[in-house]
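Presented below is the structure to which this report refers.
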Amino acid sequence: MMRSMNTQTLPSASASRPPGPTGLGFDRLRAMSRDYLGTLGALHARHGDIVRQRFMHLVDYSFLHPEHVRDVLVASHDKLIRWERGTEVFASAHGHSVLVAEGAAWKRQRQMLQPAFSPRRVEGFVPRMVQASQDSLAGWAGASEIDFEAAMTQTTMAVIMQTLFSRTDATQGRAIAAAVHDLSIEGMKEFYWPVSAPLWAPWKARKRRALALLDQYIESQIRERLASPQTHQDLLGLMLEARDPEDQGLSARGLRDECMTTFLAGHETTAAALTWWGWCMAAHPEEQARIADEVLSLLADRAPTAADLPLMPRLARSFKETLRLFPPAAGLLSRRTTEPLRVGGYELPPGSMVRLTPALTHRDPRWFEDPEAFRPERFDASSGHPEIPRGAWLPFGAGPRVCLGSHFALTEMGVIAAQILQRYELRPLAHRPPPRPRLDVTLRPDQPLRLGLRRRGS
Numbered sequence: 001m002m003r004s005m006n007t008q009t010l011p012s013a014s015a016s017r018p019p020g021p022t023g024l025g026f027d028r029l030r031a032m033s034r035d036y037l038g039t040l041g042a043l044h045a046r047h048g049d050i051v052r053q054r055f056m057h058l059v060d061y062s063f064l065h066p067e068h069v070r071d072v073l074v075a076s077h078d079k080l081i082r083w084e085r086g087t088e089v090f091a092s093a094h095g096h097s098v099l100v101a102e103g104a105a106w107k108r109q110r111q112m113l114q115p116a117f118s119p120r121r122v123e124g125f126v127p128r129m130v131q132a133s134q135d136s137l138a139g140w141a142g143a144s145e146i147d148f149e150a151a152m153t154q155t156t157m158a159v160i161m162q163t164l165f166s167r168t169d170a171t172q173g174r175a176i177a178a179a180v181h182d183l184s185i186e187g188m189k190e191f192y193w194p195v196s197a198p199l200w201a202p203w204k205a206r207k208r209r210a211l212a213l214l215d216q217y218i219e220s221q222i223r224e225r226l227a228s229p230q231t232h233q234d235l236l237g238l239m240l241e242a243r244d245p246e247d248q249g250l251s252a253r254g255l256r257d258e259c260m261t262t263f264l265a266g267h268e269t270t271a272a273a274l275t276w277w278g279w280c281m282a283a284h285p286e287e288q289a290r291i292a293d294e295v296l297s298l299l300a301d302r303a304p305t306a307a308d309l310p311l312m313p314r315l316a317r318s319f320k321e322t323l324r325l326f327p328p329a330a331g332l333l334s335r336r337t338t339e340p341l342r343v344g345g346y347e348l349p350p351g352s353m354v355r356l357t358p359a360l361t362h363r364d365p366r367w368f369e370d371p372e373a374f375r376p377e378r379f380d381a382s383s384g385h386p387e388i389p390r391g392a393w394l395p396f397g398a399g400p401r402v403c404l405g406s407h408f409a410l411t412e413m414g415v416i417a418a419q420i421l422q423r424y425e426l427r428p429l430a431h432r433p434p435p436r437p438r439l440d441v442t443l444r445p446d447q448p449l450r451l452g453l454r455r456r457g458s
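Residue numbers (full-length UniProt numbering): 1 to 458.
Encoded structure:
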């Protein structure tokens, strides 16, 4: 369960060890597998900003305070690597992409891919985003209510297919989106086991089918592109052109891995964010009306351009507040120390697990007044709201490994959301309860999110 944090920094349990529960953690591990955010939230509410616990042989430190977040992700990033178990689970789908790589391999891949996600390049993708989302929104015609989560999943799938491979296919997109969803569910289950069963295991059939479908699609797109004399200014085309300092490009396997990560991360997280944004709009009609007025005053009935997006600050603030309340990567920032590390006045030995949970830091009343409320104006510097400390808002992470596609995601959200508000007013349905968050790999509603639609001007 997601709830606000009433946490204060508490005295340490001893001179050298932060406070925390005792025991080997089997009960807590079971509780986390059922309710990750609720379990960690309760531990921090009881013990304070830093919680130390054991999971069998593994010593785990969970940090909540923005200063500690910055220490881990920024100041001490070179003393940590990604948690190996999480990396193993992701690698089963992502291979050795930039999401999974460490050290020199990560630096090489990040430098090679960075130009493809630069603001200038992303601006060039806006017409593709517009066309793909217009095609998806055309399917809403005549509807008085809609499965908004499914609609955002299909729309973001159309956008990533168009920006990555220069093509869209609604039928194929639905099948691929279902495969991505299956991978998310199966991946979350694996995090709580020390090892993964081989993919051929009978109970892995769901994951096996999903991976086979995604691999077949991505590899067919790469083969077709390599056999074509044409050049394309899409993400795959830019990956094919990418070179490292030794003028080496990505290998065939490297292309597959980076395409898979772009495909999965560029679709799943943005779909989740837009789903929650739709709920926030429906649940706060006055705020929705103000944002729609901003959009319509600027655009009327024309399509948005890249130049329009900075001119809709209310819309941008609504994204920031949605990402505060419902960050797609709500609790999966896990690292392991490779050398002694001092955080929050405590010495962490090499091999320690380090855990950050954006969803909890985002709902701490010390940094966000009335943290359960949807208040986009808290991100307006002129509104009189207290300044948000660095490290208190981190939906894309922070430091050198901050999300490579953050600008792409916010641009895509702006393009899609503006076109929704041009056409429709979103409303909650009286007979349906508010959605409850459920953490798979991304934070999604626990039940399909259906919203009412009212055509503007009708």
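Even for Gly, the Cβ is constructed at its ideal location relative to N, Cα and C.
*residue 147 - DSSP class collapsed to helix/strand/coil*: Residue numbering aside, residue 147 sits at position 147 when the sequence shown is read from its first letter. Taken through DSSP and simplified to helix, strand or coil, residue 147 comes out as strand.
*Does the distance from the CB of residue 412 to the CB of residue 159 come in under 7 Å?*
Position 412 of the sequence shown, counted from the start, is the residue given in the question as residue 412. Position 159 of the sequence shown, counted from the start, is the residue given in the question as residue 159. For residue 412 and residue 159, yes; Cβs fall inside 7 Å.
*Kindly list the residues whose CB is nearer than 6 Å to the CB of residue 11, restricted to its own chain and excluding five residues on each side of it in sequence; keep chain order.*
As a first step, residue 11 is located in the sequence shown; it is residue number 11 there, counting from the start. Low confidence applies here, because residue 11 scores a pLDDT of 43, under 50, leaving its location unreliable and the question unanswered by this model.
_Through-space distance from residue 77 to residue 345, alpha-carbon basis_ = As a working mapping, residue 345 is identified with position 345 in the sequence shown. As a working mapping, residue 77 is identified with position 77 in the sequence shown. Cα to Cα, residue 345 sits roughly 17 Å from residue 77.
*How long is the line joining the alpha carbons of residue 16 and residue 351, rounded to whole angstroms?*
The count along the sequence shown starts at 1 and reaches residue 16 at position 16. The count along the sequence shown starts at 1 and reaches residue 351 at position 351. Residue 16 and residue 351: Cα-Cα distance of roughly 17 Å.
*Using the Cα positions of residue 65 and residue 55, report the straight-line distance between them to the nearest angstrom.*
What you label residue 65 is simply residue 65 of the sequence shown in a count that begins at 1. What you label residue 55 is simply residue 55 of the sequence shown in a count that begins at 1. Cα-Cα distance, rounded: 22 Å.
*Could you give the residue range of the alpha helix (DSSP H) that holds residue 241?*
Here residue 241 refers to the residue found at position 241 of the sequence shown. Element bounds for residue 241: 235-241.
*For residue 289, is the classification buried or exposed, using 16 other Cβ atoms within 10 angstroms of its Cβ as the cut-off for buried?*
Here the question's residue 289 lines up with position 289 in the sequence shown. By the neighbour-count rule (16 or more Cβ atoms within 10 Å), residue 289 is not buried but exposed.
*For residue 133, which residues of its own chain have a beta-carbon under 8 Å away from its beta-carbon, when the five flanking residues on both sides are left out?*
The sequence position of residue 133 within the sequence shown is 133, counting from 1. Taking residue 133 as the centre and dropping the five residues before and after it, the same chain places the C-beta of 155, 158, 159, 415, 416, 419 closer than 8 Å to its C-beta, in chain order.
_Residue interval of the beta strand (DSSP E) (run including residue 226)_ = Working through the sequence shown from its first residue, we reach residue 226 at position 226. Where residue 226 is concerned, there is no enclosing beta strand (DSSP E), although the alpha helix (DSSP H) it sits in stretches over 205-226.
*asked:* Which residues does DSSP list as the beta-bridge partners of residue 324?
replied: Numbered from its first residue, the sequence shown carries residue 324 at position 324. Residue pairing for residue 324: DSSP places it in no beta bridge.
_Mapping the DSSP letters down to three states, classify residue 16 as helix, strand or coil._
Numbered from its first residue, the sequence shown carries residue 16 at position 16. The DSSP-derived three-state label of residue 16 is coil.
*Going by other Cβ atoms of all chains shown within 10 Å of its Cβ, with 16 needed for buried, is residue 71 buried or exposed?*
Against the sequence shown, residue 71 aligns to sequence position 71. The residue in question, residue 71, is buried, as its Cβ has 16 or more Cβ neighbours within 10 Å.
*The alpha helix (DSSP H) enclosing residue 126, as first and last residue numbers*: On the sequence shown, position 126 is the one that residue 126 refers to. Segment 119-137, the alpha helix (DSSP H) holding residue 126.
*Are the beta-carbon atoms belonging to residue 504 and residue 137 less than 7 Å from one another?*
Any property of residue 504 remains undetermined from this structure, which presents the chain solely from 1 to 458.
_Buried or exposed, going by whether 16 or more other CB atoms sit within 10 Å of the CB of residue 195?_
As a first step, residue 195 is located in the sequence shown; it is residue number 195 there, counting from the start. Here residue 195 is exposed: its Cβ has fewer than 16 other Cβ atoms, across all protein chains shown, within 10 Å.
*Just checking my contact of residue 67 with residue 82 at CB under 8 Å: how many whole Å lie between their CB atoms?*
For this step, residue 67 is matched to residue 67 along the sequence shown. For this step, residue 82 is matched to residue 82 along the sequence shown. Taking 8 Å as the upper bound for CB-CB distance, residue 67 and residue 82 are not in contact here, some 22 Å apart.
*On a CA-only basis, which of 168, 354, 298, 365 is nearest residue 61? Give me that one, please.*
Position 61 of the sequence shown, counted from the first residue, corresponds to residue 61. Among 168, 354, 298, 365, the Cα nearest to that of residue 61 is on 354.
*asked:* Which residue wins for smallest C-alpha separation from residue 113, given the options 31, 52, 242, 368?
replied: Here residue 113 is taken as the residue at index 113 of the sequence shown, counted from 1. Considering only 31, 52, 242, 368, the residue with the shortest C-alpha distance to residue 113 is 242.
*Less than 8 Å between the CB atoms is what I'm expecting for residue 305 and residue 126, so what's the real figure, rounded?*
On the sequence shown, residue 305 is found 305 positions in, with the first residue counted as 1. On the sequence shown, residue 126 is found 126 positions in, with the first residue counted as 1. Indeed they touch by this definition, with Cβ atoms about 6 Å apart.
*asked:* Measuring only the C-alpha atoms, how far is residue 302 from residue 80?
replied: By 1-based counting over the sequence shown, the position of residue 302 is 302. By 1-based counting over the sequence shown, the position of residue 80 is 80. The straight-line gap from Cα to Cα measures roughly 48 Å.
_Backbone CA spacing between residue 174 and residue 22 [nearest angstrom]_ = In the sequence shown, counting from the first residue as 1, residue 174 sits at position 174. In the sequence shown, counting from the first residue as 1, residue 22 sits at position 22. Looking at the two C-alpha atoms, the distance is approximately 46 Å.
*Start and end residues, alpha helix (DSSP H) containing residue 46*: Within the sequence shown, residue 46 is the residue found at index 46, counting from 1. Where residue 46 is concerned, the enclosing alpha helix (DSSP H) stretches over 36-47.
*Find out if the Cβ-Cβ distance for the pair residue 324, residue 362 is shorter than 7 Å.*
Against the sequence shown, residue 324 aligns to sequence position 324. Against the sequence shown, residue 362 aligns to sequence position 362. For residue 324 and residue 362, yes; Cβs fall inside 7 Å.
*How is the beta strand (DSSP E) around residue 50 delimited, first residue to last?*
Here residue 50 refers to the residue found at position 50 when the sequence shown is read from its first residue. Counting along the chain, the unbroken beta strand (DSSP E) around residue 50 starts and ends at 50-55.
_Straight-line gap, residue 480 to residue 396 (C-alpha atoms, nearest Å)_ = Outside the modelled stretch of the chain, which goes from 1 to 458, sits residue 480, for which no answer is possible.
*Taking C-alpha atoms, which residue in 422, 96, 205, 282 lies nearest to residue 434?*
Here the question's residue 434 lines up with position 434 in the sequence shown. Nearest of 422, 96, 205, 282 to residue 434, Cα basis: 282.
_Contact check, residue 359 vs residue 399, beta carbons under 7 Å_ = Residue mapping note: residue 359 aligns to position 359 of the sequence shown, counting from 1. Residue mapping note: residue 399 aligns to position 399 of the sequence shown, counting from 1. The answer is no: Cβ separation not under 7 Å.
_residue 202 classed as buried or exposed, judged by whether at least 16 other C-beta atoms fall within 10 angstroms_ = What you label residue 202 is simply residue 202 of the sequence shown in a count that begins at 1. Exposed.
*asked:* For the alpha helix (DSSP H) containing residue 281, name the first residue and the last one.
replied: Start at 1 with the first residue of the sequence shown, and residue 281 comes out as number 281. Going by DSSP, residue 281 is part of the alpha helix (DSSP H) stretching over 252-283.
*State the Cα-Cα distance for the pair residue 223 and residue 106, rounded to the nearest angstrom.*
Working through the sequence shown from its first residue, we reach residue 223 at position 223. Working through the sequence shown from its first residue, we reach residue 106 at position 106. Taking C-alpha positions only, residue 223 is separated from residue 106 by approximately 25 Å.
_Classify residue 371: buried if its beta carbon has 16 or more other beta carbons within 10 angstroms, exposed otherwise._
Position 371 of the sequence shown, counting from 1, holds the residue named residue 371. Residue environment for residue 371: buried (at least 16 other C-beta atoms within 10 angstroms of its C-beta).
*Would you mind working out which of 152, 20, 99, 440 sits nearest residue 271, comparing C-alpha positions?*
Residue 271 sits at position 271 when you count from the first residue of the sequence shown. Measuring from the Cα of residue 271, the nearest candidate turns out to be 152.
_Burial state of residue 171 (16 or more Cβ within 10 Å)_ = Locating residue 171 in the sequence shown gives position 171, where the first residue counts as 1. Within 10 angstroms of the beta-carbon of residue 171 lie fewer than 16 other beta-carbons, which makes it exposed.
*Would you mind working out which of 182, 269, 231, 28 sits nearest residue 405, comparing C-alpha positions?*
Numbered from its first residue, the sequence shown carries residue 405 at position 405. 269 is the residue among 182, 269, 231, 28 whose C-alpha sits nearest the C-alpha of residue 405.
*Can you tell which of 27, 108, 432 has its C-alpha closest to the C-alpha of residue 244?*
Reading the sequence shown from its first residue, position 244 is the one you call residue 244. Between residue 244 and the set 27, 108, 432, the nearest pair of CA atoms involves 108.
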